[in-house]
Amino acid sequence: MITSPASWTFTPRTGSVRQARHAARAQLLEWGLHQACEFAELLISELVINAVRHARGIVRLSMSAADGLLRCEVEDASPLVPRPRAAAVDEEGSRGLLLVEALSSGWGSVPTGRGKIVWFELPLPAVAVAAAA
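Numbering (full-length UniProt numbering), first residue to last: 1 to 133.
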C-alpha cells in the first residue's frame with residue numbers, strides 16, 4: 001500500500017496537540033488503517049508537544065504509508081537534536097521520546113534549513129495493508 005502524503009500545519013500552542021491527533025486519526029481512518037490509530041496518535045502527541053514546548057514557529061505534521069510502514073514526521077523551527085532521557089521518578093513529563101523509541105520500529109531526526117524533522121515509523125498490520133491495497 002502506498003498513500004499520497006498528508007500534511008497539516010499548526011500554531012505552536014498546546015491545543016495543537018489535540019488538533020494533530022484528530023487530523024492523524026481522520027487520515028488513518030480514511031486510509032483504512034484504523035489498527036494504527038492508537039500508537040500513531042500517542043506518538044504524534046508526544047512529538048507535537050515537544051515541538052510546541054521547545055521550538056518557536058509553525059509545527060508541521062506529515063504522514064505517509066508505504067511498504068508496510070506508517071511514517072509520521074513533525075517539523076519545527078528548532079535546530080536542537082532531540083535526545084531521549086530518563087526522567088526522575090516524580091517528574092511529570094520528559095518521557096515522550098522514550099515512548100517513541102519503545103513503541104516505534106524506528107525514529108530519528110533530520111536537520112532542515114529552518115529547523116528539524118523528527119520522524120518515527122510504525123509497522124502496519126498485514127490485514128490493514130491487504131485491505132487497503
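Cβ coordinates follow ideal geometry from the N, Cα and C atoms, glycine included.
Looking at S105: is its Cβ nearer than 7 Å to the Cβ of V118? Taking the first residue of the sequence shown as position 1, residue 105 is located at position 105. Taking the first residue of the sequence shown as position 1, residue 118 is located at position 118. No, they are not a contact pair.
May I have the straight-line CA-CA distance separating L47 from A40, to the nearest angstrom? Counted from its first residue, the sequence shown places residue 47 at position 47. Counted from its first residue, the sequence shown places residue 40 at position 40. Taking the straight line joining both Cα atoms gives about 11 Å.
If the criterion is Cβ atoms closer than 7 Å, does the pair R71 and E121 meet it? By one-based count along the sequence shown, residue 71 stands at place 71. By one-based count along the sequence shown, residue 121 stands at place 121. In contact: R71 and E121 (Cβ atoms closer than 7 Å).
For S105, list the residues DSSP reports as bridge partners. Taking the sequence shown and counting its residues from 1, the one referred to as residue 105 is at position 105. Bridge partners of S105: none, in fact.
Keeping to the same chain, check which residues put their C-beta closer than 8 Å to that of S16; ignore five residues upstream and five downstream. Here residue 16 refers to the residue found at position 16 when the sequence shown is read from its first residue. If we look at S16 and ignore the five residues flanking it on each side, its Cβ neighbours are F10, V48, V52, V59.
Which residues bound the beta strand (DSSP E) around R71? In the sequence shown, the residue the question calls residue 71 occupies position 71. Element bounds for R71: 69-76.
Skipping 5 residues on each side, what residues in its chain have a beta carbon closer than 6 Å to that of R56? In the sequence shown, the residue the question calls residue 56 occupies position 56. A77.
Quick check on DSSP: helix, strand or coil for A61? On the sequence shown, position 61 is the one that residue 61 refers to. As written in the sequence, residue 61 is Leu, which differs from the Ala given in the question. In the structure shown, L61 sits in a strand (DSSP, three-state: E or B).
Distance check for N50 and G96, CA to CA, integer angstroms please. The residue labelled residue 96 in the question sits at position 96 within the sequence shown. The residue labelled residue 50 in the question sits at position 50 within the sequence shown. Rounded to whole angstroms, the gap between the alpha carbons of G96 and N50 is 8 Å.
C-alpha gap between A131 and Q35, whole angstroms: As a working note, residue 131 is residue 131 in the sequence shown. As a working note, residue 35 is residue 35 in the sequence shown. Per-residue confidence for A131 stands at a pLDDT of 47, beneath the threshold of 50, marking its modelled position as unreliable; no derived number is given.
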